[in-house]
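Beneath this line is the structure, given in structure tokens, with notes to follow.
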Amino acid sequence: GNSGLGEEAALQLPKHKPGQIFLAARDHEKGHAAIHKISQTITGAAKIVDASVNRLDILMNNPGIWMTPPGRTKEGYEIQFGTNHIGHAILTKLLLLKLLLTAKDPDADVRIVTISSVAHEWAPKGEQLDTVYSEQRNISSRERYGQSKPANILYTNELARRYPAIRCVSVYPGSVNTGLSRGLKESYPPIAPFITFAQWTGLFSLNVQQGTLDQLWAATSKNAQSGKYYIPVAVEVPRSGYARNPEL
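Next up, the structure:
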């Protein structure tokens, strides 16, 4: 949340006069060092939020990493799946009670907005979920990223089914010029110069102001429907592949 879509969303949300905004960041140089030591873990961040406010109206789960080299989280999950889905799912679970309590207010309009991607169509053929507790070197970085995205959509849909008092929406922001492409450069060094050029010129991508429009719409518009998936801006589209399978 200290750069890219998370930062821009945090800059735009104050226009709707929220009582308080929490911005969780992974980069200690861009946060307060003392707070960072506590909030470095998802549990620590959730405790800070829970102890600081009496209500929580919007939880926005922003992108994590994209097409990185093989790796694992500290917990042992494939790094893209663990960062892009497991981390968001844990944070959501830890803050769920606060969200549900807020939803009891007659005037509340509580929302969980999770950033997914059209890359959910990249998920590899044949279920790979039984191997996410590994680096999954048998599939490409593109496929590893792809499998994390239907997980975002499926989890959001299940939240919508279980908790109708909360509006749960998944969105695709579009191809946005953020620092997310650094993982792609590491995975495919030969194309790094082209990626840098594309970022510098804005080729094939939106700026961050444009890129946050879909998630801001989902977080504020009364037309956003729970359990739906939207592409820019406010266009509901059918889900593909695994993202349609509730059994997963």
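In the working numbering, the protein residues as written are 75 to 322.
We treat Cβ as the ideally placed atom computed from N, Cα and C, and that holds for glycine.
By the 16-neighbour rule on beta-carbons within 10 angstroms, threonine 117 is exposed. Restricting attention to Tyr207, Pro306, Leu133, the CA atom closest to the CA of leucine 280 is found in Pro306. Out of Pro224, Ser190, Ile189, the CA that lies nearest to the CA of glutamine 202 is found in Pro224.
Secondary structure of tyrosine 304 (DSSP, three-state): strand. Around the Cβ of asparagine 251, a 10 Å sphere holds 16 or more other Cβ atoms; the residue is buried.
One thing to note: valine 127 has its Cβ within 7 Å of the Cβ of glutamine 94.
As summarised for the stretch 181-225, the continuous beta strand (DSSP E) elements at least 3 residues long and confined to that stretch are 185-189, given in chain order. Nearest Cα to leucine 168 within the set Ala125, Tyr304, Asn212, Gly80: Ala125. In the same chain as leucine 290, and ignoring 5 residues on each side of it, the C-beta atoms closer than 8 Å to its own belong to Ala83, Gln86, Leu87, in chain order. With respect to the 7 Å criterion, threonine 147 and glycine 156 are classified as neighbours on the basis of their beta carbons. In this structure, the alpha-carbon of alanine 293 lies about 16 Å from that of leucine 233.
Taking 3 residues as the shortest admissible run, the stretch 123-184 contains the following complete beta strand (DSSP E) segments, listed from N- to C-terminal end: 132-135. Taking all protein chains shown into account, aspartate 288 has 16 or more neighbouring C-beta atoms within 10 Å of its C-beta and is therefore buried.
When C-beta atoms of the stretch 170-188 are compared with those of the stretch 129-137, three or more pairs fall below 8 Å, so the two segments count as touching. Around the C-beta of lysine 178, fewer than 16 other C-beta atoms lie within 10 Å, and the residue is accordingly described as exposed. Residue state for glutamate 82 is assigned as helix, using DSSP reduced to three classes.
The C-beta distance from threonine 188 to threonine 142 rounds to 20 Å, too long to fall under 8 Å, and the pair is not in contact. Arginine 235 sits exposed, since fewer than 16 C-beta atoms from the chains shown fall within 10 Å of its C-beta. Beta-bridge annotation (DSSP): arginine 318 is not paired with any residue.
Residue state for valine 282 is assigned as helix, using DSSP reduced to three classes.
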